[in-house]
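Colleague: The structure's right below; bear with me while I get my questions together.
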Amino acid sequence: MPPNHIEAYPQITVPRLEDYDIDPVTGFLPPTPPLRRLSDPYYEPWESLLDIFHDLMLAGRLRECIGKLELLKTDRLKTPAEFRRAFLVLSILAHGYIWGNFEPVVDRLPACLAIPWVKVSAYLEVAPIVNHAAVVLWNWRLIFPNEPLCLNNLATLDTYSNTLDESWFYLVTTAIECIGSRALTAIVSAIQASRDANNKALIASLTDISKAISDIRDSLQRMYEKCDPYVFYWKVRPYLAGWENEDRLPKGIIYEGVDEVDEKGETIFRQYVGASAGQSALIQALDIALNVEHYPTNTNPKAKGHSNIFNALHSTSPKNSSSYPNNIPPVQAEHSITPRQPYLHKIRQNIPGPHRRFLEDLAKVAHIREYVMSQVDCSDGDDGDAEVAALVDVYNECLTRMNEFRNKHLQIVSVYIINQARKSGGLHFNSKDHAPSLDKGFSAGISTTNLIKTTVHRGTTAATTMENSTTTHSGTIKGTGGTDLMPFLKQMRDETASKEIYLEQ
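Its first residue numbered 2, the sequence shown is counted upward by one per residue in the numbering used here.
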């Protein structure tokens with residue numbers, strides 16, 4: 002290989018994990034367990050409400066109690082761990098308030114939640130909406146503190162439904178994030194090896210990545226053990242939804258006390274996508290490292306002239322907010338889906354700032370696939386051919402493992418969402434199902450959203466309206482992140498497979 006084989010690549014420093022709030026042992030998880038409670042008595046009103054959250058939801062009195070909550074300032078939150086705890090607490094209370102239980106959905110979030118939630122979100126550099134980080138990265142504790150972090154030694158801090166199924170749903174992903182730390186370390190080593198033209202080191206690093214992905218795949222398979230699809234679909238998933246591309250909240254919601262009217266005096270509604278697996282920086286990092294590109298559904302990259310989709314987002318660190326009204330930064334422009342900035346880029350607004358910047362900087366230096374291709378092009382038929390073939394094999398093996406993971410994810414989506422949505426169509430539910438009866442004339446592919454909007458059903462719940470909004474008139478089922486679920490996931494799988502490198506025989 003000529004010594005100048007990577008001269009065309011920008012000689013940017015390879016990212017160091019510790020510079021991005023990433024731990025070599027726990028990955029994107031904090032290295033110590035998240036706070037179980039805010040210790041400052043000033044924030045006891047938030048924590049006390051969360052203590053009886055499930056009781057209040059069952060009694061239908063959460064909104065009443067939140068309505069009596071005083072507005073607390075955020076200036077007594079001092080550490081990142083405290084801000085993360087505050088974000089989780091406010092996310093649980095806010096989504097419980099908006100979606101309710103046996104209550105109509107509301108589109109106004111009271112100032113006592115909205116103002117601190119927006120401020121805490123600005124500190125963490127995420128949108129004020131429940132996200133993957135809140136329920137997965139910052140929502141766990143060790144059952145036995147002296148034992149390692151693994152799925153059999155984890156418990157959640159808080160849930161919406163108070164079910165073991167919801168806890169298991171989060172904890173499987175928490176364990177995956179911890180396993181992924183090995184992949185992150187190997188990614189950095191692989192990038193450095195490709196820069197050094199060290200094929201042996203690159204093969205070793207890619208082998209480590211492949212093994213980590215295999216373990217991630219196997220951990221995902223454990224979802225079936227203790228998370229019932231019915232419980233997930235009807236009791237958990239509704240509360241993870243956001244207020245963008247959402248039929249129940251077509252305009253979004255009003256964050257009272259934050260930005261209620263614009264310069265024309267018109268009410269401002271904010272729209273954000275809800276929590277989704279796509280917000281895992283781990284999976285995005287693996288795609289970036291392997292140079293797997295994802296485009297908007299049903300687009301042709303070649304026809305549209307797509308370039309590398311991992312161009313960095315123009316993210317900014319939170320500024321001093323003291324000059325803003327109510328000390329709250331103005332609304333940032335929403336990221337729309339374009340050929341150069343698809344959905345997975347858009348939802349980076351839901352990924353914590355340091356982790357998002359890691360993805361952006363990783364994209365600037367990850368040229369592993371290009372390096373492997375250059376080795377194939379420069380192969381001259383000597384003894385180096387075996388090494389190049391091994392390099393190609395292990396790179397392709399990483400892609401195979403990623404596709405196996407994506408197939409497992411597709412199967413889970415089919416069991417936990419698609420099948421549940423289909424079973425609900427045209428059926429009459431008992432009261433214990435927490436959903437109103439559907440007329441026999443309605444089929445699984447037809448939404449009853451209009452019926453729900455015009456009639457307040459005594460049995461209407463977040464779960465009921467979730468079903469009505471996520472099954473569209475065309476039969477398309479949307480994810481909590483607002484995507485057309487199955488086409489989106491299948492395309493991601495196919496885009497992964499398309500990066501496989503073939504050697505001429």
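Ideal Cβ placement from N, Cα and C applies to all residues, glycine included.
Going by C-alpha to C-alpha distance, which of R183, L39, I217 and L185 sits closest to F406?
Modeller: Of the candidates R183, L39, I217 and L185, the one whose C-alpha sits nearest the C-alpha of F406 is I217.
Colleague: How would you write the range of the alpha helix (DSSP H) that K47 sits in, first residue to last?
Modeller: In the sequence on display, residue 47 carries Trp and not Lys. Here the alpha helix (DSSP H) through W47 covers E45 to D52.
Colleague: Are I93 and D159 touching if we call contact CB-CB under 7 Å?
Modeller: The answer is yes: Cβ separation under 7 Å.
Colleague: Taking A156 as part of the beta strand (DSSP E), name the residues at either end of that continuous run.
Modeller: Where A156 is concerned, the enclosing beta strand (DSSP E) stretches over L155 to T157.
Colleague: Starting from the C-beta of Y43, find all residues in its chain whose C-beta is less than 8 Å away, skip the five residues before and the five after it, and write them out in chain order.
Modeller: Result list for Y43: L73 and R77, in chain order.
Colleague: Nearest-angstrom Cα distance between H410 and S380?
Modeller: Cα to Cα, the separation comes out at about 37 Å.
Colleague: Taking only three categories from DSSP, how would you classify V90?
Modeller: Three-state result, V90: helix.
Colleague: How would you call C151, buried or exposed, if buried means at least 16 neighbouring beta carbons within 10 angstroms?
Modeller: The residue is exposed, with fewer than 16 neighbouring Cβ atoms inside 10 Å.
Colleague: Would you kindly work out how many angstroms separate the C-alpha atoms of L203 and V389, rounded to a whole number?
Modeller: When rounded, the distance between both Cα atoms is 11 Å.
Colleague: Have a look at the DSSP bridge pairing and note the partners of R109.
Modeller: Partner(s): I255.
Colleague: Report back the beta-carbon spacing between V393 and I502 to the nearest angstrom; my notes put them in contact at under 8 Å.
Modeller: About 5 Å separates the two Cβ atoms, so the contact holds.
Colleague: DSSP three-state call for D41: helix, strand or coil?
Modeller: Coil, per DSSP.
Colleague: Per DSSP, what are the beta-bridge partners of V262 in this structure?
Modeller: Beta-bridge pairing links V262 to T268.
Colleague: Do S122 and P129 have their CB atoms nearer than 7 Å?
Modeller: For S122 and P129, yes; Cβs fall inside 7 Å.
Colleague: Pull up the CB-CB distance for V127 and I284, whole angstroms please, since I reckon it's below 8 Å.
Modeller: About 17 Å separates the two Cβ atoms, so there is no contact after all.
Colleague: Please state the DSSP three-state secondary structure of W139.
Modeller: In the structure shown, W139 sits in coil (DSSP, three-state: anything other than H, G, I, E or B).
Colleague: How about the stretch 82–92 and the stretch 58–65: do they share at least three Cβ pairs that are nearer than 8 Å?
Modeller: The stretch 82–92 vs the stretch 58–65: no contact.
Colleague: Out of E264, A391, P230 and A205, which one is the CA nearest neighbour of R423?
Modeller: Nearest option by C-alpha distance: P230.
Colleague: Going by Cα to Cα distance, which pick from I177, N200, I188 and R37 is closest to D362?
Modeller: Of I177, N200, I188 and R37, the residue nearest in Cα terms is I188.
Colleague: Should L138 be labelled buried (16 or more other beta-carbon atoms within 10 Å of its own) or exposed?
Modeller: Per the 10 Å Cβ criterion, buried.
Colleague: Output yes or no for whether 7 Å exceeds the beta carbon distance between G181 and G68.
Modeller: No, the pair does not count as a contact, with Cβ atoms beyond the cut-off.
Colleague: Expressed to the nearest angstrom, what Euclidean distance is found between the alpha-carbon atoms of F270 and R109?
Modeller: Rounded to whole angstroms, F270 to R109 spans 9 Å at the Cα level.
Colleague: With a threshold of 16 other CB atoms inside 10 Å of the CB of S49, please say whether the residue is buried or exposed.
Modeller: Exposed, by the Cβ-count rule.
Colleague: So, W47 versus V107, is the Cβ gap smaller than 7 Å?
Modeller: No, they are not a contact pair.
Colleague: Taking G275 and L241 to be in contact with their CB atoms under 8 Å, please state how far apart those CB atoms are, rounded to whole angstroms.
Modeller: At roughly 5 Å, the Cβ-Cβ gap stays under 8 Å, so G275 and L241 are in contact.
Colleague: DSSP puts D24 in a beta bridge; with which residues?
Modeller: Paired residue(s): G28.
Colleague: Considering only the alpha carbon of each residue, which of W141, L70, T208 and M487 lies closest to A176?
Modeller: Of the listed residues, the one whose Cα sits closest to A176 is W141.
Colleague: Distance, Cα to Cα, Q280 vs E45?
Modeller: Cα to Cα, Q280 sits roughly 30 Å from E45.
Colleague: Taking 7 Å as the cut-off, decide whether the C-beta atoms of K365 and I99 are in contact.
Modeller: No; because the gap between Cβ atoms is not below 7 Å, this pair is not in contact.
Colleague: Can you tell me where the alpha helix (DSSP H) holding P355 begins and where it ends?
Modeller: Taken as a continuous stretch (DSSP letters only), the alpha helix (DSSP H) holding P355 covers G354 to V366.
Colleague: The alpha helix (DSSP H) spanning K212 covers which residue range?
Modeller: N200 to Q222 is the extent of the alpha helix (DSSP H) around K212.
Colleague: Are S162 and V237 closer than 7 Å when you measure CB to CB?
Modeller: Yes, they are a contact pair.
Colleague: Would you say T497 and N420 are within 7 Å of each other, going by their C-beta atoms?
Modeller: No, the Cβ-Cβ distance between T497 and N420 is not below 7 Å.
Colleague: Might you give, ordered along the chain, the residues of its own chain that have their beta carbon closer than 6 Å to the beta carbon of Y372, omitting 5 neighbours on each side?
Modeller: These residues qualify, in order along the chain: S195.
Colleague: By a C-beta neighbour count over all protein chains shown, 10 Å radius and 16 as the cutoff for buried, is T268 buried or exposed?
Modeller: Exposed.
Colleague: Report yes if the C-beta distance between W169 and C113 is below 7 Å; otherwise report no.
Modeller: Contact flag unset, no.
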